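Numbering (the numbering used here), first residue to last: 606 to 1028. Have a look at the structure below, then the notes.
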Amino acid sequence: MSYPDSYYAATAVGAVEHPRLLESIRADVCVIGGGFTGLSAALNLAEQGMDVVLLEAERVAFGASGRSGGLIGSGQRMGPVEMEEKFGLERSRQFWGLAEAAKAEIRERVAKHEIACDLCDGQLEGIHKKRHAGWPEQYARALAERYDYPHVRALDREETRNLVATDDFVAGIYDSQAMTVHPLNYALGLARAATDAGVRLYENSRVSGYSQSDPATISTTGGSVTASFIVLACNGYLDKLEPRVASKIMPINNFLIATEPLGAERAKKLIAGRFGIHDTRFVVNYFRLSDDNRLLFGGGENYRRGFPKDIASFVRPFMLALFPQLGNVRIDYAWGGTLSVTVNRLPHVGRLKPNLYFAQGFSGHGISTGSFAGKVIAEAITGTASRFDVFASLPIHTFPGGTLLRYPGMVLGMLYYSIKDRL
Ligand SMILES: Cc1cc2nc3c(=O)[nH]c(=O)nc-3n(C[C@H](O)[C@H](O)[C@H](O)COP(=O)(O)OP(=O)(O)OC[C@H]3O[C@@H](n4cnc5c(N)ncnc54)[C@H](O)[C@@H]3O)c2cc1C
């Protein structure tokens, strides 16, 4: 089983093949899913002395983790001002603090395990609606005054244009402490750290079900694991494995392209640095330069099983709408992945039984939130549940129509918001 063709797969460092599970074994904890959430849970548990098995259906980071845009934002997917309105300032500040801890964890992991994953500082949010042009000033002030976060700067149209060569943005917000990363290489580095810490990692070992007992028996197509705890970390790829949490998330597909290398000069004229950029559209465009000066551009999504036949032709118009000057540029890679969103875009982290934990629904913010959810689950299993409890207390709603009928409702909703975006 290999990785889907992508810029990340073509530039992967240290992709080791792990064995398939073909026997019955025992462990303290069995983690299901080898993306950021599962890898982080496994690594943190092993560092606390637990005997951990991780079962991945395909390859490490085969899912969203190895295919994402690589933008590591500050805060939660629901912005701090909206969180204040919903939960009050104190709680919103608490979640901001947890998101800062999640960013710090990534920096620490990259340094500690010497993971070569192009971790770079900086992220720019491009404002595309004229009536929102005053928002950056207000946002920067709110973060500095209420969140002790002085790292965000409001940019006017000209300053934004000097950083990103598009006429689409009327203003911008620059966050010098947000980051970008080569997500597959970060995940492969975490996997190496996990196996070094003693995690037994199996690939090509899809879990078909597990018992509701204590200890539980987790069955794969080739073997089984008996474990005191299960951590479910399948996110948008969960499918029918656990119906009790499936109705809280909607799997959606999102797509990226990588251009041919643009050369250092042309690349610099397009984007004046290695920071990430995203806009404020409902179906967000996000992009950045790669280490070899390609434009990595994400745009467009669909809400059904299966990807468009020609992903490059699907994404290219989104890129050209922002950068018409790239009309003659070749697209070298095009790929898609599946992530999961919740109704209110808050992460869904919890416990179905005393020995069955799960985390999912990071809603496009999972590099940091997913990794951190894995860490707080590991803390809860090893006896310190305070940060886990904060996440688990978030209100998460069932999608109208549950698992069966959530798609038609979602498609209508998405259509409504994307039309609103264009007005
Ligand atoms: C195109 C795209 C762009 C994105 N861009 C960004 C971004 O810029 N910034 C950001 O923060 N987030 C982004 N995201 C979201 C982010 O990638 C995810 O939130 C995050 O990777 C989720 O990690 P995870 O470990 O929970 O899930 P995944 O990485 O999806 O991992 C789940 C794993 O579980 C495995 N699995 C499923 N079922 C089974 C089973 N039965 N048995 C064993 N294993 C199983 C799957 O094979 C998969 O490897 C993007 C996502 C996509 C798809």
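The beta carbon of each residue, even a glycine, is placed where N, CA and C say it ideally should be. Here the structure is a predicted model, which means the values were calculated and not measured.
query, result
"CB of Tyr815 to nearest heavy atom of ligand 1: below 7 Å?", "no"
"Within the continuous beta strand (DSSP E) that includes Ile1001, where are the two ends?", "No beta strand (DSSP E) holds Ile1001; DSSP gives it neither H nor E."
"By the three-class DSSP mapping on this structure, what secondary structure does His953 have?", "strand"
"Any heavy atom of ligand 1 closer than 7 Å to the CB of Ala666?", "yes"
"Are the beta-carbon atoms of Ala552 and Val634 separated by less than 8 Å?", "Residue 552 falls outside the range modelled here, since the chain spans only 606 to 1028, and no answer is possible."
"Secondary structure at Gln930, three-state DSSP: helix, strand or coil?", "helix"
"Suppose you measure from the CA of Gly702 to the CA of Arg672; what does that come to, to the nearest Å?", "27 Å"
"From the DSSP output, in three-state form, read off Pro922 for me.", "helix"
"Check whether the Cβ atoms of Ser973 and Ala704 lie closer than 8 Å to each other.", "yes"
"Count the other CB atoms within 10 Å of the CB of Lys845; is the residue buried (16 or more) or exposed (fewer)?", "exposed"
"Should Gly975 be listed as close to ligand 1, given that the test is whether its C-beta is under 7 Å from any heavy atom?", "yes"
"Among the candidates Ala707, Pro1005, Asp753, whose CA atom is the shortest distance from the CA of Leu694?", "Asp753"
"By a C-beta neighbour count over all protein chains shown, 10 Å radius and 16 as the cutoff for buried, is His737 buried or exposed?", "exposed"
"Work out the CA separation of Ala983 and Phe963 for me, nearest whole Å.", "11 Å"
"State whether the segment 804 to 819 contacts the segment 942 to 952, with contact taken as three or more CB pairs (one from each stretch) at a distance under 8 Å.", "no"
"Examine ligand 1 and report whether any of its heavy atoms sits within less than 7 Å of the Cβ of Arg849.", "no"
"What are the boundary residues of the beta strand (DSSP E) that Gln568 is part of?", "Missing from the structure shown is residue 568; the chain here goes from 606 to 1028 and no further."
"On the criterion of 16 or more Cβ atoms from any shown chain inside 10 Å, does Asn858 qualify as buried, or is it exposed?", "buried"
"In chain order, what residues of the same chain lie with their CB nearer than 6 Å to the CB of Leu650, ignoring the 5 residues before and after it?", "Val634, Val657, Ala983"
"Are the segment 634 to 648 and the segment 736 to 751 in contact at 8 Å, needing three or more beta carbon pairs?", "no"
"With the cut-off set at 8 Å, would you say Thr947 and Glu730 are in Cβ contact?", "no"
"Whether or not the segment 820 to 828 and the segment 905 to 918 are in contact is what I'm after, with contact meaning three or more pairs of Cβ atoms, one per stretch, closer than 8 Å; do they touch?", "no"
"Please determine, among Phe834, Lys914, Asn890, the residue with the shortest C-alpha to C-alpha distance to Arg631.", "Phe834"
"Does Ala832 come out as helix, strand or coil in the three-state DSSP assignment?", "strand"
"Given that a residue counts as buried once 16 or more other Cβ atoms are within 10 Å of its Cβ, and exposed if not, what is Arg746?", "exposed"
"Spell out a yes or no on whether the segment 927 to 941 and the segment 840 to 856 are touching, meaning 3 or more CB-CB pairs, one atom from each, closer than 8 Å.", "no"
"Taking a contact to mean a Cβ-Cβ separation below 8 Å, would you say Tyr891 touches Gly654 in this structure?", "no"
"If you reduce the DSSP assignment to three classes, tell me which class Met1030 lands in.", "The question about residue 1030 has no answer here: the residues shown for the chain are numbered 606 through 1028."
"Measuring only the C-alpha atoms, how far is Ala759 from His787?", "27 Å"
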